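Structure record follows, encoded as structure tokens.
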Amino acid sequence: GENVDSKAASPRLQMSKEQTKDYEITVPFLLNGEPWRPVDGVYSKSHPALLQFVIQAENKHLVIDLERNEGLLARGFTETHYLQDGTDVVLTRNRTGHCYYHGQVQGYPESSVSLSTCSGLRGILVFGNNSYILEPLEGATSEHKIYRVENLKIAPGSCGHQLDIPATVASAPSQHSPAARYKRETLKTTKYVELVIVADNREFQRQGKDVEKIKQRLIEIANYVDKFYRPLNIRVALVGVEVWNDMDKCSISQDPFTSLHEFLDWRKLKLLPRKAHDNAQLISGVYFQGTTIGMAPIMSMCTAEQSGGVVMDHSENPLGAAVTLAHELGHNFGMNHDTLERGCNCRASTDKGGCIMNPSTGYPFPMVFSSCSRKDLENSLEKGVGMCLFNLPEVKESFGGQKCGNGYVEDGEECDCGEPEECTNRCCNATTCALNPGAVCAHGLCCEDCQLKAAGISCRESSNSCDLPEFCTGASPQCPANVYLHDGHACHGVDGYCYNGICQTHEQQCITLWGPGAKPAPGICFERVNSAGDPYGNCGKDSKSSFAKCEPRDAKCGKIQCQGGANRPVIGTNAVSIETNIPLQEGGKILCRGTHVYLGDDMPDPGLVLAGTKCEDGKICLNRRCQNTSVFGVHKCATKCHGRGVCNNKKNCHCEADWAPPFCDKPGFGGSVDSGPIRQADNKSLTIGVLITILCLIFAGSIMYLKRKTFMRWLFTSKKTTIEKLRSVSPARPSSSSEPNRVHTTCVSKNLIMKPQNTGIQKRDGPRRPLPYQVIDISNPVKAHEVPPLKTPQRVLPPLPQLPGHLAGPERPLPANPSLRFSQ
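FYI, the working numbering numbers position 534 of the sequence shown as 850, with every residue one higher than the one before it.
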């Protein structure tokens, strides 16, 4: 999607060094009475897993309990910088600890502390409705200064151009929302963002050209962001930091829009192939023009093209960049601005910083999310945003050393429920990190009462028509990682194609823009309006930031054209209707309704068709072009599933309930090698069947005994005939593996995909049951000589034909996609 929001502030003021007032000097003491001494270096055995110290602030003695944030750095975490000749240097040092902590203030149950001990104590303490910054006193060894966040004064910034969804639209429940149980489980399940943070060359220069110092700053920023997102059941696990100390690897300029898209292109082409991750953020030392200090695409989490953002490092304190990064990450999640008209509930008052998704920022920095942000996140997850976030990253055991009681199950441990005084898990011995007698497991969605759940029990339901459910395997306590339909698979019947786990359609986008009753305009509207190449009709902007004309074949990938709905766009007060009347040769005219939003030259247009939207039969919008779905290879992938399954995003078959993966060619229990079996072995039915068989044999034996004389006479008189009949029977037995040749049949006309007619074959070649969760069609094969000829050579993956009686599950259209929202 090209839909981006910016966060505003006053860069000239914020880039200058902040002046503090009313701070006091304090010397931290360890609880044993010794003065706290700084430890040089980010990674050292001297950084303990647990730390307690006392400081004095405003005539109060505060006891701070800290625990090293073991989940901050994931397995495979790397640090990258460059030699002068451009050669990259990737470090995966054998670390035994790091210096980033989370904690609380004793006596304040709702308190929150995020500190680093890398070079002095530096961080933020929130307790008793107040927030304090603690940092080393320049030039001192043990002395620190502490002051209230509001005493760090600068002029606040404002968002000069913003687009927000009114509260009545944003919070309205969707007509076909998923089950309430799925909502609860999705929100309750911890999500993990595997994050990469990159610092550009200007940031490297601003930090004194010190590679180690800037790496330390980037990790500290991530530590803050992880703390902000914990209340939302989201953990931020850093998988890499990178410093462009020799030169920028893509063009970074004062134009935030251009910088964002240059960075996202670099991420897709260069970073993703060498470093697996979910999201990447650029910390830039460049002064962005205007008031923009951050920019990120909306609802783009987990996508290869746009899961990322750019952040201007506008504050001497890394907390400033952390707040902006959390804001932009919120946009990636689909969070919108907290505007007055939405009526958001924020537990932090404005003078205490407000909430993170406020449209403008200043001091004090916001550090909490509002009720609107939580609702936006819930809606996004229901629609399939963030499909990659449900896998648990392996925490690098060398960080902090392998330690029983840190809450992470590491090599050599069967379980880890934390320290003995905080462990409430009856399956795990907190002292030894071993399972208690009789326990098979202690953690995971597939562990219940210390035992593994049976194979085939659902542990994560599908969230939409492009998502696939996951099931316990019976061998692991963890629910399999989330999988979804392969990009390019048909969804909503033939109205759309799956893309990054979401079914995008023109109709849903029209409803988002114009409200209920809206629908896409005829094709001539797209062609005529988008051929203009002006602000009201275009295919986005070219490399020179000029509006690009749409070629006729790409017209449905430009500005979306709708009909019906409300009298004006429902997406915000600065969105206006652009109506175009197109006369017809036979008389009359067609009304085309587009939208124009007064944003700024650095803001993309929310009225553009979203990436992944169907533009023709067998074609999808990518990079403002209408491209064939064959680029995804979904049709080729589906052929290996023998017409009894669909292809998932890992290019594996997800089989019907009675067929076995990996190729759905043998009887089994359905599912895939990625998601587990979709049904359990029916042991009860098997037992009943065996008992009935035994009873029948006993009954038959009794009859034969009573009629033995008659039976013996019949057997000997018909012996020759019986042998002759046996000899006349072919010795070959039918095998479940010997199947007739099968092909997928597709009959395509102009705007209609026809299914083959019933061939009249009554006999079924194997057990078939409809998948109870399925909202897409799964094909039933027909013989090769029954295949009707293709009318066009297009490669399309429509809903596949079914045998009689094989009913697809109820179709649920996606709720209105909020991805056109603008926030910060």
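Note that CB positions come from ideal geometry on N, CA and C, so glycine has one too.
These numbers come from a predicted model, not from an experiment.
Tell me where the alpha helix (DSSP H) around residue i begins and ends.
| i | result |
| --- | --- |
| residue 553 | First-last for residue 553: 550-559, but that is the beta strand (DSSP E), not the alpha helix (DSSP H). |
| residue 580 | 572-582 |
| residue 823 | 822-830 |
| residue 527 | 527-545 |
| residue 598 | Per DSSP, residue 598 belongs to no alpha helix (DSSP H); it is in the beta strand (DSSP E), 595-600. |
| residue 443 | It is not in any alpha helix (DSSP H) - residue 443 instead sits in the beta strand (DSSP E) that spans 438-443. |
| residue 521 | 517-522 |
| residue 1142 | Given that the chain is displayed from residue 317 to residue 1140, the structure contains no residue 1142 and the question cannot be resolved. |
| residue 935 | Premise fails: residue 935 lies in the beta strand (DSSP E), 935-938, not in any alpha helix (DSSP H). |
| residue 692 | 687-699 |
If we ignore side chains and look at the alpha-carbon of each, how far apart do residue i and residue j end up?
| i | j | result |
| --- | --- | --- |
| residue 384 | residue 368 | 11 Å |
| residue 429 | residue 448 | 10 Å |
| residue 424 | residue 443 | 6 Å |
| residue 579 | residue 691 | 29 Å |
| residue 707 | residue 784 | 15 Å |
| residue 796 | residue 993 | 11 Å |
| residue 594 | residue 826 | 29 Å |
| residue 346 | residue 462 | 17 Å |
| residue 658 | residue 725 | 42 Å |
| residue 609 | residue 957 | 49 Å |
| residue 1016 | residue 1008 | 12 Å |
| residue 965 | residue 799 | 6 Å |
| residue 505 | residue 401 | 46 Å |
| residue 767 | residue 548 | 29 Å |
| residue 363 | residue 417 | 10 Å |
| residue 860 | residue 572 | 14 Å |
| residue 1142 | residue 937 | Residue 1142 is absent from the structure shown; the chain starts at 317 and stops at 1140. |
| residue 553 | residue 904 | 59 Å |
| residue 621 | residue 747 | 46 Å |
| residue 770 | residue 793 | 10 Å |
| residue 853 | residue 661 | 38 Å |
| residue 815 | residue 370 | 53 Å |
| residue 455 | residue 340 | 16 Å |
| residue 701 | residue 693 | 9 Å |
In the structure shown, what three-state DSSP assignment does residue i receive?
| i | result |
| --- | --- |
| residue 369 | strand |
| residue 857 | strand |
| residue 642 | helix |
| residue 950 | helix |
| residue 943 | strand |
| residue 862 | coil |
| residue 955 | helix |
| residue 796 | coil |
| residue 339 | coil |
| residue 742 | coil |
| residue 810 | coil |
| residue 719 | coil |
| residue 432 | strand |
| residue 960 | coil |
| residue 724 | coil |
| residue 761 | coil |
Going by the beta-carbon positions, is the gap between residue i and residue j smaller than 8 Å?
| i | j | result |
| --- | --- | --- |
| residue 969 | residue 980 | yes |
| residue 912 | residue 851 | yes |
| residue 1153 | residue 961 | With the chain covering 317 to 1140 only, the question about residue 1153 has no answer from this structure. |
| residue 681 | residue 465 | yes |
| residue 833 | residue 820 | no |
| residue 637 | residue 568 | no |
| residue 453 | residue 439 | no |
| residue 924 | residue 875 | yes |
| residue 873 | residue 940 | yes |
| residue 601 | residue 519 | yes |
| residue 879 | residue 845 | no |
| residue 654 | residue 673 | yes |
Mind checking which residues open and close the beta strand (DSSP E) that includes residue i?
| i | result |
| --- | --- |
| residue 840 | From DSSP, residue 840 is part of no beta strand (DSSP E) but of the alpha helix (DSSP H) over 839-846. |
| residue 393 | 389-398 |
| residue 450 | 446-452 |
| residue 420 | 416-421 |
Review point. How about the region 426-441 and the region 521-537: do they share at least three Cβ pairs that are nearer than 8 Å?
Key: The region 426-441 vs the region 521-537: in contact.
Review point. Within the chosen definition, does the region 773-790 reach the region 895-910 through at least 3 CB pairs nearer than 8 Å?
Key: With a cut-off of 8 Å, the region 895-910 and the region 773-790 do not count as touching, because too few Cβ pairs lie within range.
Review point. Is the region 728-744 in contact with the region 757-767, if contact means three or more CB pairs nearer than 8 Å?
Key: Because the criterion of three Cβ pairs below 8 Å is met, the region 728-744 and the region 757-767 touch.
Exercise for review: Would you check if there are 3 or more beta carbon pairs closer than 8 Å linking the region 540-554 to the region 639-657?
Suggested key: In short, these stretches touch, since the Cβ pair count reaches three.
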